[in-house]
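Asker: Residue numbers (the working numbering), protein chains in the order written: chain L, 1 to 397; chain H, 1 to 300. Dumping the structure here so I can ask a few things about it.
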Amino acid sequence: MSAWFMFLTFPIMVIRVNTVENVVEWRWKNMLLIGIGSFFLSFVWSYSLKRRDEGTKKAEIGEIEKTPLIQRILKERKIFIPTLIVISVFALVFPFIFSLYQTNIMITGLIYIMLGLGLNIVVGLAGLLDLGYVAFYAVGAYAYALLNYHFGIGFWAALPIGAGLGAFFGILLGFPVLRLRGDYLAIVTLGFGEIIRLILENWNAFSFGPSGIANIPRPSFFGIEFSVYNATIYLYYIMIGLILFTIFVVNRLQDSRIGRAWIALREDEVACQAMGIDKRATKLTAFALGATWAGMAGVIFAAKTTFINPASFTIWESIIILCIVVLGGMGSIIGVITGALVLILLPEYLRAFSEYRMLIFGGILVLMMVFRPGGIISDVRRIYRFEGLENYNQKTP
Amino acid sequence: MEYFLELLLGGLTRGSIYALIALGYTMVYGIIELINFAHGEIYMIGAFTALIVASVLTLQGWNHIAILVIASIAAVIYSSAYGYTAEKLAYKPLRRAPRLSALISAIGVSLFLQNYVLLAQTSDFLPFPSLIPEFKFNKPYEHIISSPEIVILTTTTVVMILLTFLIKFTKIGKAMRATAQDRDMAMLVGVDVDRVISFTFIVGSATAALGGVLIASHVGQINFYIGFIAGIKAFVAAVLGGIGSIPGAVLGSLVLGWTESFFTGYISSDYEDVFAFLFLVFILIFRPAGILGRSETDKV
């Protein structure tokens with residue numbers, strides 16, 4: 001194992017070529033480190049894999065009733081409500097305890113929570129793999145920036161417009177892809193995201209090209225302008241409010257008629273149609289509602305950074321949002337929130353190893369998926385049990 | 001007319017390089033239904049290995065052709081090794097997990113490999129030595145075709161023929177087709193599915209590495225990020241032709257190469273990728289399973 005890795009990393013880790021001066025640098029020390037490192041790691045790896053497999057085997061036999069710790073906490077009202085209170089108090093006083101820098105990071109985190117919850121509707125609930133989600137985010141951001149530039153429209157007016165435009169583009173994308181499924185859908189949405197970005201980059205007359213748009217105003221409070229510091233705090237609270245609104249809406253949607261239609265669509269398209277659910281309308285609403293949130297998040301993003309350019313809306317952004325949803329736990333609101341906070345805050349606080357953070361990030365994605373494929377907090381499947389039989393069994397042991 | 005021919009050949013070259021990468025995508029997808037996001041990175045590692053080996057050998061004063069051959073072989077070996085290892089570590093433990101988990105894992109591998117090369121080597125563009133010997137063509141053709149293009153086309157054709165032979169007529173090819181059709185059934189009739197999957201990754205990575213060497217010496221520079229863009233393009237090509245189908249991948253790549261080449265040549269180079277993607281959307285609206293893909297109806 002260790003020899004294999006030494007062989008594997010040999011050309012890239014050991015040799016470095018300076019093509020300008022034509023000097024070859026040999027770094028044998030690296031090889032030694034990798035050899036020793038992979039020797040020990042391979043034991044850890046095989047041990048944890050073995051434990052994981054034993055765990056799944058036990059679960060298959062049914063030896064342990066698997067309710068993860070976090071799910072139990074969620075169900076137990078006594079623990080859940082105090083935790084909720086602590087978290088909300090913490091969220092409320094956050095900008096006053098920590099510095100402006102921290103608050104800014106937190107706003108970014110909150111924007112991603114919003115994006116994650118929006119994409120969760122499309123991917124988590126309706127099961128439509130969307131790799132171009134960032135397009136709607138860009139639509140929202142550019143809607144605010146351009147409307148403000150040309151017509152002086154403020155943040156509060158731009159927010160619903162951004163959301164509406166997001167929904168419009170969602171339907172626009174939704175129509176051609178109604179017939180596609182699975183990976184074809186993924187690639188078309190990916191293409192759609194790229195088309196939007198490339199248009200923004202190249203259509204200079206419309207979007208000012210790669211140089212972007214600067215001096216986008218921060219949100220104002222009934223016409224009162226704030227200083228940078230206060231505006232950031234203000235934006236933080238707007239964000240908290242919007243997140244609560246999002247959670248409320250998504251939560252209600254999940255149990256609504258349409259939410260159940262999405263879940264049915266995700267589980268089995270044919271059966272879903274047979275049950276009389278309009279597949280077209282269901283898919284389109286999923287795209288439109290998902291995109292609405294991205295549009296809103298885009299407006300906020302533009303207001304937060306006061307400067308946008310197409311470079312903020314690359315495929316990687318879509319992929320990171322998708323990672324948030326899958327890593328956090330598809331379909332579960334708390335999971336998505338945790339996922340967003342972990343994925344956005346982790347790289348920020350890993351700045352100590354700034355060079356290695358993306359490397360670690362990639363590694364963590366793989367490890368997470370191998371050892372917890374359902375995400376950090378996975379959605380509980382709604383189960384209806386026939387209670388009578390259980391009672392019967394208990395009575396006659 | 002001459003311009004047209006030039007674009008036609010340019011598109012053909014471009015398409016055949018996409019094809020080399022798209023093959024890996026489509027083969028892996030055909031067998032385990034995974035969009036292997038890290039495939040582009042495997043190709044990038046191939047190009048880097050070739051660059052490093054070639055530079056070392058150039059300093060030793062070797063002959064051009066020998067360097068080309070050895071560098072390509074090294075690239076193929078190392079890319080296959082990386083593909084094999086990535087499969088063993090990141091995809092194999094996820095064989096029974098939901099498909100999206102495997103996708104995220106692939107994204108993780110892709111990020112990891114990109115940053116690994118970034119850290120271990122450099123973030124700058126490295127000039128890639130033009131290994132393919134240049135020779136001039138006679139007057140009417142010299143603008144139309146160049147020797148790297150011929151080498152690329154020949155290599156691609158040879159690889160395609162070998163691959164078709166491998167899949168159609170060898171035992172492992174038969175096992176691959178069986179696994180692609182129905183993995184459980186293949187297991188039941190005694191196909192070592194794990195071996196077949198590993199083999200698929202190795203073959204796919206090897207063709208991607210060849211593509212990497214060819215395109216790098218054609219374009220002349222590489223950095224750690226080339227894999228991502230090439231990977232996306234090849235993925236588009238694979239889907240265009242109907243993912244999972246090998247002739248489809250080749251056809252899709254050629255169509256994509258020509259689309260890009262003609263649109264840039266006749267309309268505008270700014271919107272090259274926009275056209276490529278619009279074309280993809282357009283094709284998929286009319287043929288939702290790609291050009292050569294079978295459209296499957298759901299069985300209840």
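For every residue, glycine included, the Cβ atom is placed at its ideal position computed from N, Cα and C. These figures come from a predicted structure and were not determined experimentally.
(1) Using DSSP bridges, identify the partner residues of Q221 of chain H.
(2) From the DSSP output, read off the bridge partner residues of I357 of chain H.
(3) Kindly confirm or deny that the region 43-53 of chain H and the region 170-188 of chain H touch, where touching means at least three C-beta pairs closer than 8 angstroms.
(4) When Cβ atoms are compared, which residues of the region 178-210 of chain L fall closer than 8 angstroms to chain H?
(5) Assign K283 of chain L to buried or exposed, taking buried as 16 or more other Cβ atoms, counted over all protein chains shown, within 10 Å of its Cβ.
(6) Take the Cβ of V310 of chain L as the centre, count every other Cβ of all protein chains shown within 10 Å, and call the residue buried at 16 or more, exposed below.
(7) Do the region 199-206 of chain H and the region 73-91 of chain H make contact, defined as three or more Cβ pairs closer than 8 angstroms?
(8) Is I243 of chain H helix, strand or coil when you go by DSSP?
(9) V177 of chain L and L165 of chain L look like a contact to me (Cβ under 8 angstroms); what is the Cβ gap, rounded to whole Å?
(10) Which residues of chain H have a Cβ atom closer than 7 angstroms to the Cβ of I319 of chain L, listed in chain order?
(11) Is the number of C-beta pairs between the region 253-261 of chain H and the region 129-146 of chain L that are closer than 8 angstroms three or more?
(12) If contacts are defined as beta-carbon pairs under 8 angstroms, then I67 of chain H and A54 of chain H qualify, I think. What distance do you get, rounded to the angstrom?
(13) Using 8 angstroms as the cut-off, can you tell me whether the region 27-35 of chain H makes contact with the region 2-9 of chain H, which would need three or more C-beta pairs spanning the two stretches below that distance?
(14) Are there 16 or more other CB atoms within 10 angstroms of the CB of I85 of chain L, so buried, or fewer, so exposed?
(15) What does a CB cutoff of less than 6 angstroms around G265 of chain H pick up in its chain, not counting 5 residues either side in sequence?
(16) Leaving aside the five residues before and after A158 of chain L along the sequence, list all residues of the same chain whose C-beta is less than 6 angstroms from its C-beta, in chain order.
(17) Name the chain H residues that come within less than 9 angstroms of L346 of chain L, Cβ to Cβ?
(18) For I64 of chain L, which of helix, strand or coil comes out of DSSP?
(19) If the cut is a Cβ gap below 9 angstroms, which residues of chain H does G362 of chain L touch?
(20) Quick check on DSSP: helix, strand or coil for I308 of chain L?
(21) Enumerate, from N- to C-terminal direction, the unbroken alpha helix (DSSP H) stretches of 4 or more residues contained entirely within the region 231-276 of chain L.
(22) For chain L, is any of its Cβ atoms less than 8 angstroms away from the one on S217 of chain H?
(23) Let's see if you can read the secondary structure: which residues bound the alpha helix (DSSP H) around F279 of chain H?
(24) Who are the Cβ neighbours of A106 of chain H in its own chain at under 8 angstroms, not counting the five residues just before and after it?
(25) Quick check: what's the CA-CA separation for D298 of chain H versus D268 of chain L?
(26) Hey, out of H:E2, H:R14, H:L20 and H:M1, whose CA is closest to I161 of chain H's CA?
(27) Does the distance from the CB of L100 of chain L to the CB of Y229 of chain L come in under 8 angstroms?
(28) Any idea if M1 of chain H is buried or exposed, counting beta-carbon neighbours within 10 angstroms, 16 or more meaning buried?
(29) So who's on the other strand from I232 of chain H, going by DSSP bridges?
(30) Pick out the complete beta strand (DSSP E) segments inside the region 320-360 of chain L, 3 residues or longer, and give them in chain order.
(31) Mind listing the chain H neighbours of Y356 of chain L? Cutoff is C-beta to C-beta under 9 angstroms, in chain order.
(32) So with CB distances below 9 angstroms, who are the chain L contacts of A22 of chain H?
(33) Answer yes or no: does any C-beta atom of chain H fall closer than 8 angstroms to that of M106 of chain L?
(34) Since I believe F136 of chain L is in contact with A399 of chain L (beta carbons under 8 angstroms), could you give me their beta-carbon distance rounded to a whole number of angstroms?
(35) Checking contacts by CB at 8 angstroms: is L278 of chain H closer than that to chain L?
(36) Using the Cα positions of G248 of chain H and T305 of chain L, report the straight-line distance between them to the nearest angstrom.
Answerer: Quick answer:
(1) Working through the second sequence from its first residue, we reach residue 221 of chain H at position 221. Q221 of chain H pairs with H:P127.
(2) This structure leaves residue 357 of chain H out entirely; chain H is present only between 1 and 300.
(3) Result no; under three Cβ-Cβ pairs closer than 8 angstroms.
(4) Result list: R179, L180, R181, D183, Y184, A186, I187, V188, L190, G191, F192, E194, I195, L198, I199 and N202.
(5) Reading the first sequence from its first residue, position 283 is the one you call residue 283 of chain L. Sixteen is the threshold: when 16 or more other Cβ atoms of the shown chains lie within 10 Å of the Cβ of K283 of chain L, as they do, the residue is buried.
(6) Here residue 310 of chain L refers to the residue found at position 310 when the first sequence is read from its first residue. According to the sequence displayed, residue 310 of chain L carries Pro and not Val. Burial state of P310 of chain L is buried, judged by a 10 Å Cβ sphere holding 16 or more other Cβ atoms.
(7) Cβ pair count under 8 angstroms is three or more, so yes.
(8) For the purposes of this step, residue 243 of chain H is taken as residue 243 along the second sequence, with counting starting at 1. Note: I243 of chain H maps to coil in three-state DSSP.
(9) The sequence position of residue 177 of chain L within the first sequence is 177, counting from 1. The sequence position of residue 165 of chain L within the first sequence is 165, counting from 1. Contact between V177 of chain L and L165 of chain L does not hold, since the beta-carbon distance rounds to 19 angstroms and is not under 8 angstroms.
(10) Against the first sequence, residue 319 of chain L aligns to sequence position 319. In chain order: I107.
(11) Contact between the region 253-261 of chain H and the region 129-146 of chain L is not established, with fewer than three Cβ pairs separated by less than 8 angstroms.
(12) Locating residue 67 of chain H in the second sequence gives position 67, counting from the first residue. Locating residue 54 of chain H in the second sequence gives position 54, counting from the first residue. That belief holds up - the Cβ atoms of I67 of chain H and A54 of chain H are roughly 5 angstroms apart, short of 8 angstroms.
(13) Short answer: they don't touch.
(14) For the purposes of this step, residue 85 of chain L is taken as residue 85 along the first sequence, with counting starting at 1. I85 of chain L is exposed by the Cβ-count criterion.
(15) By one-based count along the second sequence, residue 265 of chain H stands at place 265. Result list for G265 of chain H: L7, in chain order.
(16) One-based indexing of the first sequence puts residue 158 of chain L at position 158. Once the five neighbours on either side are set aside, the close Cβ partners of A158 of chain L are Y144, L147 and V299.
(17) Here residue 346 of chain L refers to the residue found at position 346 when the first sequence is read from its first residue. Contact of L346 of chain L with chain H by beta-carbon distance below 9 angstroms is absent, the smallest such distance being about 13 angstroms.
(18) Residue 64 of chain L sits at position 64 when you count from the first residue of the first sequence. In this predicted model, I64 of chain L has a pLDDT of only 47, less than 50, meaning its place in the structure is not dependable; the value taken from the coordinates is given anyway. I64 of chain L: coil per DSSP, three-state reduction.
(19) Residue numbering aside, residue 362 of chain L sits at position 362 when the first sequence is read from its first letter. Within chain H, I107, G108, V109, S110, L111, F112, L113, Q114, N115 and Y116 have C-beta atoms less than 9 angstroms from the C-beta of G362 of chain L, given in sequence order.
(20) To locate residue 308 of chain L, count along the first sequence from 1; it is residue 308. I308 of chain L falls in the strand class under three-state DSSP.
(21) Along the region 231-276 of chain L, the alpha helix (DSSP H) occurs as fully enclosed runs of 4 or more residues at 257-267 and 269-274, listed in sequence order.
(22) Position 217 of the second sequence, counted from the start, is the residue given in the question as residue 217 of chain H. With 8 angstroms as the cut-off, S217 of chain H does not count as an interface residue toward chain L.
(23) The residue labelled residue 279 of chain H in the question sits at position 279 within the second sequence. Per DSSP, F279 of chain H belongs to the alpha helix (DSSP H) from E272 to F286.
(24) As a working mapping, residue 106 of chain H is identified with position 106 in the second sequence. So the list reads L34, I35, N36, F37, A38, A90 and Y91, once near-sequence residues are dropped.
(25) Start at 1 with the first residue of the second sequence, and residue 298 of chain H comes out as number 298. Start at 1 with the first residue of the first sequence, and residue 268 of chain L comes out as number 268. Residue confidence for D298 of chain H is low, a pLDDT of 49 falling below 50, so the modelled location carries little weight; the figure read from the coordinates is stated next. If you take the alpha carbons of D298 of chain H and D268 of chain L, they lie about 10 angstroms apart.
(26) Here residue 161 of chain H refers to the residue found at position 161 when the second sequence is read from its first residue. With distances taken between Cα atoms, I161 of chain H lies closest to H:L20.
(27) What you label residue 100 of chain L is simply residue 100 of the first sequence in a count that begins at 1. What you label residue 229 of chain L is simply residue 229 of the first sequence in a count that begins at 1. The Cβ-Cβ distance between L100 of chain L and Y229 of chain L falls below 8 angstroms.
(28) Mapped onto the second sequence, residue 1 of chain H falls at position 1. Taking all protein chains shown into account, M1 of chain H has fewer than 16 neighbouring C-beta atoms within 10 Å of its C-beta and is therefore exposed.
(29) Here residue 232 of chain H is taken as the residue at index 232 of the second sequence, counted from 1. The partner list for I232 of chain H (beta bridge, DSSP) is empty, contrary to what the question assumes.
(30) As far as the region 320-360 of chain L is concerned, it has no whole beta strand (DSSP E) run of at least 3 residues.
(31) Here the question's residue 356 of chain L lines up with position 356 in the first sequence. Using a Cβ-Cβ cut-off of 9 angstroms, Y356 of chain L is close to N115 and L119 of chain H, given in chain order.
(32) Here residue 22 of chain H corresponds to residue number 22 of the second sequence, with the count starting at 1. Under a criterion of Cβ atoms nearer than 9 angstroms, no residue of chain L is adjacent to A22 of chain H; the nearest Cβ is some 12 angstroms distant.
(33) Position 106 of the first sequence, counted from the first residue, corresponds to residue 106 of chain L. At least 8 angstroms separates the CB of M106 of chain L from every CB of chain H.
(34) Lying before the first or after the last residue shown, residue 399 of chain L is absent from chain L, which here runs from 1 to 397.
(35) Within the second sequence, numbered from 1, the residue matching residue 278 of chain H stands at position 278. Cβ-Cβ to chain L under 8 angstroms: yes for L278 of chain H.
(36) Within the second sequence, the letter at position 248 stands for residue 248 of chain H. Within the first sequence, the letter at position 305 stands for residue 305 of chain L. Spanning the two alpha carbons is a distance of roughly 45 angstroms.
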